[in-house]
Amino acid sequence: MTHQKESPRMAAGGGENFAATFDESHKPDTFRSSDKLQVITLDIRRAIADNNLFALNHTLRELTLSGADNIPAKLREFKAWVLWRATAINPSTGKFTKVPAYPGTKANRTGEQGSPKDLANLGAFDEVRAALVADPSFAGWGLAMLPQLGLVALDVDGCINDGAMPHDVGLITDNTYCEISPSGTGIRAFWTGEATNRKNANGELYAQKQFVTITGNRVDNTHCLFGEDSPATLDAPTRQELERRCASTTGKKSTSARLKEKAENDPYLQAIKRAGLYERAMSGGAHSIRCPFEEKHGDFGRPGGDGDTVYFQPHTNGEPEPRIFCQHTHGNDQDAYWQAIGFDNRAEGLIDADDDTAAQSDVKNARLLASALLKKRFVFEHGGRGWMQFKSGVYVICALGEAMEAAKGLGVDIIKNAPSDPEKFKRTMALAQRAMSAAGIKAALQLAESDPRIAVKPADFDTDPDLLNVLNGVVHLPTGELRPHDPAQFMSKQCPVIYDPAAAAPIWEKTIYSISNEDRDWVDFFQRAVGYSLSGYVNEEVMFFLLGVGANGKSLVCNVMRRVSGNYASVAPTNFLMTSKRDGESATPALASLQSVRIVQANEVEAGAQLSAQMAKVATSTDAISARHLYGRQFAFIPTHTLWVRGNHKPIITDNDEGIWRRVVLIPFDRHFSPEEKDVMLEEKIMREASGVLAWMVRGHLAYKQHGLRRARRVEAASLAYRAESDLVSQWIDERAIREAGATCAQADAYFNYRTWCVEQGLRPMAKKSLTSALIERGFSCGQESTGGRRRTYRGLKSAVSYGFEDEISNPFAQDAQD
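If you want the numbering used here, it's the 1-based position in the sequence shown plus 16.
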């Protein structure tokens, strides 16, 4: 398609915005995207219509990644890129809220644009591209419109219809870089140059503020192709025309005025007022209210007063939905709040049964139910946990049939939204009747399990090793920063503690110092070890052995660690690390239980127990672990756990190779507390300062990140001594053999000697090949006497006791000797 070049002012036709109706002289310009992009665009529109955030973010991410190479090099060279995700959808307008985040930290972009902090956290294009590939919770990337970039961007909404855009939109974007916006109904166009920020209902001009999403979904027509891989320069006439078209025609309301207007129509706020809990309006869409659970506040938490409990209107305080926050420690379960206030938000915007395709079917009801459950933050986990719901910042298993209870209200919701048209009303009532029957409820709930909007895999949960979920938010461990809860992070683990970085734990710190025998080096190492274990990284590949004979504080510190860590910690049977005969195909529930946890404790090693070097290496490796639940299928997972084993006895380790000993960190608990020193309530006293203990653990992680694990002197000495005394082969040589240069010993004779010694010591002997390898490691060699050609020997070793086995055939352990 060709056209005669016109000036932008000529093409305006007097229209005040880009969506004006054009006469015949301004017919729409047609263009076509690839078939794949057309399908993606339809999926985006469908996700918006269905109010499906998960599908919207997923589809937008696919669109953005597919168009990455189409973005001009001029734009890609800037270090001003951000990630973004959709957090709320308005199906009636077709728009959605976009929240930007920094590609390095994944933290939401807040504060002043262009500040030193902002500039330091903006990313290069390669960085933001890698971050989007790695994190499927984000929808795309965008460019911060910093003044120093010298860029101008035009955003025109609603100008694309059936593959066509208005003629003067195409004309004014001539020779720019122009692409279709994420919604699929508008365009973005870029120039180099300067302009003044402008905005009206259908067009916005960006030059010095906010960020602009970029997809690489180029508009394929003659107006938007350019010879050089950079946008055109914005000339003066075009700039004037753009600023005129995007200028606001009415005065813009202040933020406070708009929030006040929204408050008057907020059904949640009206319910609070009806319940007599409203106190006063605060700034920024916040309102001071009385907590409906005021009687539970007691004497803990902050003292009561104005602002202790706050209601935030939708789309304020960084949250798309209305929220109540209370500074007391009884929790922030939104459903519990609304139930106590007497507001039923169950049917709020959930069901729209007024459509010509409504039918009396379980499939239809399942779709409607899935929409309702999605708004109530239900998901179905297909790894065995089943229905889960996001409550108080964490996904919990619906052990009491919460999803079934929510499904019981589906029929009522359909009736509430029944259309007035008689025919449609009749069909809708039939649909509601089925949804209110026991069979219909069960069928809809079962079919909803596979709805892609709520179906999730085990691997979707707890994926970021740097994040720690707590009662009042999510701790970013590398910085110690507290962030708000986000259901899109899919966290099923949580510490049952409020995180306050300034909280103190004097009893805990005094106890640890006393347990260490007042050894500050030991205390600092122990804090780093606990802090390291708090994250999901296992790069150190170590296990901690807490060794001490009774009444020394081992159990106390382990119990406190486990209680503060909540379900991030678990307890495994000690015997899974010990030597036993296992069928390679048998279930390994102990290994399977390690998935997604951070701290795994194994208690009380029995005297004489022998550590399985192979199992220890598997359980402390960074490699994926293969496991199987009882009666379950084999599966693999990436380890996130650190092992903490405690006992009064050291497990026996027969292997002397570096592969096992570099993993063993022996922490001595040498202090013995007398009965007079024992405080049976000490653990409970420490748990009263649980916030302080958690802050101490987070500080330990920060210390680990700064200094590394760096073993304490006593820990290093104890670990080396443990290795020396575990060298059983050397002990056998010292007791039953003689080191003598030039001497020889029949291998069969030596092996019988060794096995006999192991039986006397109550040890499980290693195979002969393993013994031979161990002797070679200690400087001995193997040989074969020429006489008869059958007698294999060890050189440099002489058996202190001879059993007369001249060959392996006469050895009663002949089969073992050949293993």
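Ideal Cβ positions, reconstructed from N, Cα and C, are used throughout, including at glycine.
If you're wondering where the values come from, they're calculated on a predicted model, not measured in any experiment.
Worksheet item: For A617, does the three-state DSSP call read helix, strand or coil?
Response: Per the sequence shown, the amino acid found at residue 617 is Gln instead of Ala. Looking at Q617 - three-state DSSP - the assignment turns out to be strand.
Fill in: Among L76, K526, S742, the one whose alpha carbon lies nearest that of I196
L76
Worksheet item: Is there contact here, the stretch 87–101 with the stretch 216–233, by at least three beta-carbon pairs under 8 Å?
Response: yes
Worksheet item: If we count the other Cβ atoms within 10 Å of its Cβ and call it buried at 16 or more, is T444 buried or exposed?
Response: buried
Fill in: Euclidean distance between Cα positions of R318 and V326
Any reading at R318 must be qualified, since the residue scores a pLDDT of 41, below 50, and its modelled position is unreliable; the value itself is stated next. Near 14 Å, if we compare the C-alpha coordinates of V326 and R318.
Fill in: Start-to-end residues for the beta strand (DSSP E) that takes in E397
394–397
Item to complete: State the start and end residues of the unbroken beta strand (DSSP E) segment that holds G812.
Response: 808–815
Fill in: Extent of the continuous beta strand (DSSP E) run through F11
Here the chain covers residues 17 to 835 and nothing more, so residue 11 does not appear.
Worksheet entry | For K198, three-class secondary structure by DSSP | The amino acid occupying residue 198 in the given sequence is Pro; Lys does not appear at that position. Looking at P198 - three-state DSSP - the assignment turns out to be coil, as it is neither helix nor strand.
Worksheet entry | Of the residues W207, P182, H183, D184, the one placed nearest C1, counting alpha carbons only | A query on residue 1 cannot be resolved here, the shown segment of the chain reaching from 17 to 835 and no further.
Fill in: Nearest-angstrom Cα separation, counted from Q226 out to T192
21 Å
Worksheet item: Which runs of the beta strand (DSSP E) spanning at least 3 residues fall entirely within the stretch 210–237, listed in chain order?
Response: 219–222, 227–230
Worksheet item: CB-CB under 8 Å to A757, same chain, minus the five flanking residues each way: which ones, in chain order?
Response: G812
Practice prompt. Report all residues from its chain with a CB closer than 8 Å to the CB of A279; omit the five preceding and five following residues, and keep chain order.
Written response: L285, A297, G301, H303, Q329
Worksheet item: Just the Cα atoms here: how many angstroms apart are Q722 and D516?
Response: 21 Å
Worksheet item: Can you check whether the CB of L258 is closer than 8 Å to the CB of A223?
Response: no
Worksheet item: Quick check: the stretch 775–793 against the stretch 704–720, are there 3 or more CB pairs under 8 Å?
Response: no
Discussion item. Can you find the residues in the same chain that come closer than 8 Å, C-beta to C-beta, to T809, ignoring five residues on each side of it along the sequence?
Written reply: T760, C761, A762, Q763, C798, G799, Q800, E801
Practice prompt. State the Cα-Cα distance for the pair A140 and E128, rounded to the nearest angstrom.
Written response: 19 Å
Item to complete: Compute the Euclidean distance between the alpha carbons of R679 and S815, then round it to the nearest angstrom.
Response: 34 Å
Practice prompt. Inspect the CB distances between the stretch 180–190 and the stretch 66–86 and report whether three or more fall short of 8 Å.
Written response: no
Item to complete: State the DSSP-derived secondary structure class of R74, mapped to helix, strand or coil.
Response: The sequence given here places His at residue 74; Arg does not occur at that position. If DSSP states are grouped into helix, strand and coil, H74 belongs with the helices.
Discussion item. Output needed for E162: all residues of its chain with C-beta closer than 6 Å, excluding positions within five of it in sequence on either side, in chain order.
Written reply: For the sequence presented, residue 162 should be read as Leu rather than Glu. So the list reads A96, G130, once near-sequence residues are dropped.
Practice prompt. For the alpha helix (DSSP H) containing Y720, list its first residue and its last residue.
Written response: 706–723
Worksheet entry | Enclosing beta strand (DSSP E) for V587 [first to last residue] | 585–588
Worksheet item: Near E397, which residues of its chain fall below 7 Å by C-beta distance, leaving aside the five closest residues on each side in sequence?
Response: M404, V472, P474
Worksheet entry | C-alpha gap between V573 and E700, whole angstroms | 12 Å
Worksheet item: When the Cα of E622 is compared with those of A588, L165, K666, which residue comes out closest?
Response: K666
Practice prompt. Please name the residue, chosen from G724, E525, V565, that lies closest to L698 on a Cα-to-Cα basis.
Written response: E525
Discussion item. Using a Cβ-Cβ cutoff of less than 6 Å, which residues in the same chain neighbour A728 once the five nearest sequence positions on both sides are dropped?
Written reply: D537, W538, F541
Discussion item. Would E705 and I523 be called neighbours here (beta carbons separated by less than 8 Å)?
Written reply: yes
Worksheet entry | Residues that A471 bridges to, as DSSP identifies them | F396
Worksheet item: Can you check whether the CB of I56 is closer than 8 Å to the CB of F836?
Response: This structure does not reach residue 836, given that the chain is present from 17 up to 835, and the question cannot be answered.
Worksheet entry | Length at least 3, wholly inside the stretch 513–571: the beta strand (DSSP E) runs in chain order | 559–563
Discussion item. From the DSSP secondary-structure annotation, give me the bridge partner or partners of S797.
Written reply: R811
Practice prompt. Rank E418, L627, D639, A84 by C-alpha distance to the C-alpha of I669 and give the top, closest one.
Written response: L627
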